[in-house]
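Just so you know, the protein sequences line up as chains A and B, in that order. Going by the numbering used here, the first sequence opens with residue 1, and the numbers climb by one from there. Going by the numbering used here, the second sequence opens with residue 1, and the numbers climb by one from there. Each remark here refers to the structure printed beneath this line.
2 protein chains.
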Amino acid sequence: MKAEIITIGDEILIGQVIDTNSAWIAEQLNLTGIKVAQITSISDQREHILNALEEASGRSEIILMTGGLGPTRDDITKETLCEYFGTRLVFNQDAFNNIERIFRLRGFQITPLNRAQAEIPENCSMLLNSNGTAPGMWFEKDGRIYVSMPGVPFEMKSLMTDCVLPRLKNLSPVSIYHRTILTQGVGESFLASIIENWETNLPAHIKLAYLPQPGIVRLRLSASGHNLNLLMNEVNEKVNELYGLIPQYIFGEGEDTLEKIAGDQLKKRGYTLATAESCTGGYIAHLITGIAGSSAYFKGSVVAYSNEIKENILGVKPETIEKYGAVSEQTVQEMADGIIEKFRVDCAIAVSGIAGPDGGSDEKPVGTTWICVKTPLGSITKKFTFGEHRGRNIRRAALAALDLLRKSDGVT
Amino acid sequence: MKAEIITIGDEILIGQVIDTNSAWIAEQLNLTGIKVAQITSISDQREHILNALEEASGRSEIILMTGGLGPTRDDITKETLCEYFGTRLVFNQDAFNNIERIFRLRGFQITPLNRAQAEIPENCSMLLNSNGTAPGMWFEKDGRIYVSMPGVPFEMKSLMTDCVLPRLKNLSPVSIYHRTILTQGVGESFLASIIENWETNLPAHIKLAYLPQPGIVRLRLSASGHNLNLLMNEVNEKVNELYGLIPQYIFGEGEDTLEKIAGDQLKKRGYTLATAESCTGGYIAHLITGIAGSSAYFKGSVVAYSNEIKENILGVKPETIEKYGAVSEQTVQEMADGIIEKFRVDCAIAVSGIAGPDGGSDEKPVGTTWICVKTPLGSITKKFTFGEHRGRNIRRAALAALDLLRKSDGVT
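The structure is reproduced here in structure tokens:
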């Protein structure tokens with residue numbers, strides 16, 4: 001089965017908004033085993049919508065539309081759909097009850113414009129939008145499926161997750177099973193060379209995708225077939241093999257983040273943490289405190305951007321900085337000791353590096369970074385050489401530091 | 001003139017990559033006075049490319065393509081373009097010289113695959129890609145313009161800026177002038193109500209667009225006409241009026257950021273800065289240290305995530321926290337005093353708030369945030385009530401704090 005995604009509205013065409021909806025829908029469809037043939041963004045004009053529908057239905061069996069359903073511009077998209085399907089708008093009581101419910105929640109009065117949102121083409125089945133007033137619509141015609149959804153991301157996502165994807169899955173005799181393994185600290189091409197044999201031996205119905213982000217490479221295994229239990233067993237076995245091959249790089253699966261996993265470990269042990277950051281400039285503390293509830297284990301941080309602060313606040317010895325430099329094994333170790341003592345915590349992360357673009361030398365080029373992690377279970381100090389891009393160096397140093405903290409826990 | 005953007009390649013269709021290129025191109029075209037009629041993402045298959053070109057040329061005069069020009073999949077896009085235009089690939093010496101130059105820089109040997117990148121359709125003019133090995137291509141046929149560019153964002157952007165946009169501008173008899181004014185601390189609808197009269201009185205050829213981001217609303221004025229000098233004068237006059245209407249909200253223009261502007265002010269005064277952060281968890285320090293050269297004025301930060309750290313490191317009095325709470329005017333003032341004393345700096349930002357989702361009360365709901373800014377020129381302490389979303393509260397608190405620092409400088 002092939003699908004197309006059509007985005008209706010001017011925001012994307014004038015470059016005001018980046019089309020994240022289509023990427024999300026495309027990923028979900030792919031995970032369901034449905035190939036996306038085309039993604040199209042058009043303006044909310046009658047002829048343009050009719051034309052796009054006509055073209056898409058010549059190529060694909062499933063056409064998912066987002067946008068153009070707000071109360072003020074309502075008429076164009078829904079009436080155009082009526083025209084395309086040769087039908088008319090009718091009042092839908094369930095959609096209206098939902099609108100009433102949402103207005104009661106927000107304490108607003110319903111206007112005639114809002115009442116019109118409950119009118120939908122007679123030939124569609126209504127998809128209840130629990131997060132908004134514009135109902136989703138599911139059409140079937142000549143063996144094709146057309147779905148219209150609002151463009152507000154969280155309304156669209158819940159409609160997709162609750163209504164559309166389950167129905168699409170039911171249409172397919174094929175089952176899909178996938179797992180996404182997250183790795184840190186290894187580049188895509190080096191990773192590919194390590195797991196080359198394993199990858200070559202994957203059966204034809206199990207596909208591997210490399211999904212790289214700065215500092216992180218996600219490996220997604222997708223299997224399709226007719227027996228879901230069998231697929232699960234096969235994929236899980238392959239994932240176990242992968243854990244055996246690259247245990248040092250895997251930190252989690254799916255939606256895991258390093259800061260969440262490291263934080264959960266601390267919580268489990270009852271340990272507290274503080275960070276002493278130079279080149280990362282507070283970014284590690286920012287990642288950790290992005291997690292609700294992190295105050296249970298995170299006490300705080302000293303961003304020691306100048307040597308003065310490293311000495312006066314963290315107690316790094318001036319001789320250490322003079323002899324070894326601010327970016328050195330000795331300095332990050334003293335930074336870690338200092339933050340543990342001053343903040344009275346169990347664990348510390350200390351980072352000092354040259355983020356760039358200036359400050360590099362032949363001996364210590366831009367990207368050189370020392371990281372020290374100390375916990376009651378042991379300590380590790382390690383040198384990294386990242387790249388030349390300031391923002392990416394900060395991100396990679398923070399992820400490497402969180403990964404060292406995660407690994408410091410050993411097997412529990 | 002109308003344009004279309006066609007993205008070639010599977011990464012977007014499987015949802016692996018979000019299509020930021022098209023949004024950027026669309027914005028640039030709009031600023032040049034060219035309307036984007038459609039954005040299309042397709043796979044790199046011959047029939048699909050031919051079909052998309054055919055459809056686009058039926059609607060628009062300018063067709064910009066990105067992607068599908070890498071050395072390994074080279075042939076499909078370029079040969080498909082040859083088929084579409086009824087021409088053949090020829091070797092281009094300038095393109096080859098550029099490839100040689102880039103390989104010398106990277107210290108690599110040229111392979112036959114790379115040499116093939118210098119072959120381009122005979123009917124196009126080559127656009128030199130100074131950042132990569134795949135040349136851009138400009139075609140003209142039957143009154144239409146077709147441009148093919150690589151999909152790597154920074155290669156595409158320099159090709160657009162250096163070659164494509166100047167040529168497109170030359171085609172149009174119409175001049176365009178625009179300025180983008182950046183505001184902080186005011187919602188879109190409230191802003192709209194304050195400047196309603198001013199907006200209503202804009203002449204028809206000057207358009208206003210509201211471009212909201214979390215914490216920031218950009219106001220873009222675009223004027224089109226035949227006399228560029230006149231347009232500039234008109235827009236500049238309207239912008240001056242705007243500065244008179246909402247001086248308290250405007251912090252900059254174009255690509256300015258609050259952290260850059262506040263940093264430049266400090267540098268000019270020769271002042272140093274440190275931050276004492278509770279709910280923002282190091283995010284302000286992260287924004288400031290994202291700027292290369294910030295070490296000239298930024299000494300560091302204490303992230304005081306627990307009351308203990310506020311007391312032991314920043315010297316906040318236990319009685320203050322007990323009597324007024326950690327989220328209070330008195331606490332942030334003592335945090336600011338403490339960081340100035342401990343870090344021996346001229347200026348301080350101190351923030352304490354309830355980021356959520358937990359920790360709120362009737363008296364101090366989630367989103368309640370106190371910010372104190374102290375400089376040798378004076379001090380200000382202010383309470384903000386943001387929303388319920390943790391990530392957005394952190395972002396809005398950081399922007400509000402940087403804006404208070406910026407304003408503390410007065411008129412220089």
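Think of the CB as a built atom: it goes at the ideal place given N, C-alpha and C, for glycine as much as any other residue.
Nearest-angstrom Cα separation, counted from residue 327 (chain A) out to residue 47 (chain B): 56 Å
DSSP state of residue 303 (chain B) mapped onto helix, strand, coil: strand
Proximity test, Cβ basis, 8 Å: residue 357 (chain B) and chain A: Closer than 8 Å: yes.
Residue from B:224, B:122, B:248, B:26 whose Cα sits closest to the Cα of residue 404 (chain B): B:248
Interfacial residues, the region 296 to 309 of chain B to chain A, with Cβ spacing under 9 Å: Listed by position, the residues of the region 296 to 309 of chain B near chain A (Cβ gap below 9 Å) are 298, 299, 300, 301, 302, 303, 304, 305, 306, 308, 309.
Beta-carbon contacts of residue 228 (chain A) that lie in its chain and below 7 Å, excluding the five residues immediately before and after: Around residue 228 (chain A): 175, 177.
Meets three-Cβ-pair contact criterion under 8 Å: the region 197 to 216 of chain A and the region 267 to 274 of chain A: no
Proximity of residue 69 (chain A) and residue 134 (chain A) at Cβ, strictly below 8 Å: yes
Supposed contact pair residue 345 (chain A) and residue 273 (chain A) - C-beta distance, whole angstroms, cut 8 Å: 6 Å
C-alpha distance - residue 392 (chain A) paired with residue 190 (chain B), whole-angstrom precision: Put simply, the backbone Cα of residue 392 (chain A) is about 37 Å away from that of residue 190 (chain B).
Contact set for residue 198 (chain A): own chain, Cβ-Cβ below 8 Å, skip 5 residues either direction: 238, 241, 242, 245
Residue 397 (chain B) to residue 369 (chain B) span [Cα, whole Å]: 7 Å
Against chain B: residues of the region 25 to 49 of chain A by CB proximity under 9 Å: Contact residues of the region 25 to 49 of chain A toward chain B are 25, 26, 27, 28, 29, 30, 31, 35, 36, 37, 38, 39, 40, 41, 42, 43, 48 (C-beta to C-beta distance below 9 Å).
CA nearest to the CA of residue 277 (chain A), picked from A:253, A:353, A:138: When A:253, A:353, A:138 are compared, the shortest CA-CA separation from residue 277 (chain A) is found for A:353.
CB contact below 8 Å: residue 419 (chain B) versus chain A: An answer regarding residue 419 (chain B) cannot be provided, because it is not within the stretch 1 to 412 covered by chain B.
Residue 395 (chain B), buried or exposed, once every other Cβ within 10 Å from all chains shown has been counted against 16: buried
Contact list for residue 354 (chain A) against chain B, beta-carbon separation under 7 Å: Neighbours of residue 354 (chain A) on chain B: none; closest Cβ ~11 Å, over 7 Å.
Exposure of residue 374 (chain A), with buried meaning 16 or more beta-carbon neighbours within 10 Å: buried
For residue 32 (chain B), the three-state DSSP class (helix, strand or coil): Under the three-state reduction of DSSP, residue 32 (chain B) is assigned to coil, being neither helix nor strand.
Residue 408 (chain A) to residue 275 (chain B) span [Cα, whole Å]: 30 Å
Chain-ordered neighbours of residue 20 (chain B) on chain A, where CB pairs are closer than 8 Å: 18
Assumed close pair residue 184 (chain A), residue 251 (chain A) - CB separation to whole angstroms, cut-off 8 Å: 5 Å
Neighbour flag for residue 289 (chain A) against chain B, beta carbons, 8 Å: yes
First through last residue of the alpha helix (DSSP H) which encompasses residue 252 (chain B): Element bounds for residue 252 (chain B): not the alpha helix (DSSP H) but the beta strand (DSSP E), 250 to 253.
Residue 137 (chain B), DSSP secondary structure in three states: strand
Nearest candidate by alpha-carbon position, reference residue 317 (chain B), set B:216, B:335, B:163, B:222: It is B:335 whose Cα lies nearest to the Cα of residue 317 (chain B).
Residue-chain proximity (residue 55 (chain A), chain B), Cβ-Cβ < 8 Å: yes
Top-ranked residue by Cα proximity to residue 182 (chain B), from B:256, B:230, B:201: Nearest option by C-alpha distance: B:256.
Residue 77 (chain B) beta carbon less than 8 Å from that of residue 7 (chain B): no
Neighbour flag for residue 401 (chain B) against chain A, beta carbons, 8 Å: no
CB of residue 310 (chain A) within 8 Å of CB of residue 331 (chain A), strictly: yes
For residue 26 (chain B) and residue 62 (chain B), believed in contact at Cβ under 8 Å, the rounded distance: The Cβ separation is near 12 Å, so there is no contact.
Between the CA atoms of residue 29 (chain B) and residue 12 (chain A) - distance to the nearest angstrom: 12 Å
Rounded separation between residue 137 (chain A) and residue 151 (chain A) - CA only: 13 Å
Cβ separation of residue 351 (chain A) and residue 321 (chain A), assumed to be a contact under 8 Å, to the nearest whole Å: Contact doesn't hold; Cβ gap of about 15 Å is too wide.
Neighbourhood of residue 156 (chain A) by C-beta, 7 Å cutoff - its chain only, sequence neighbours within 5 removed: 21, 66, 149, 150
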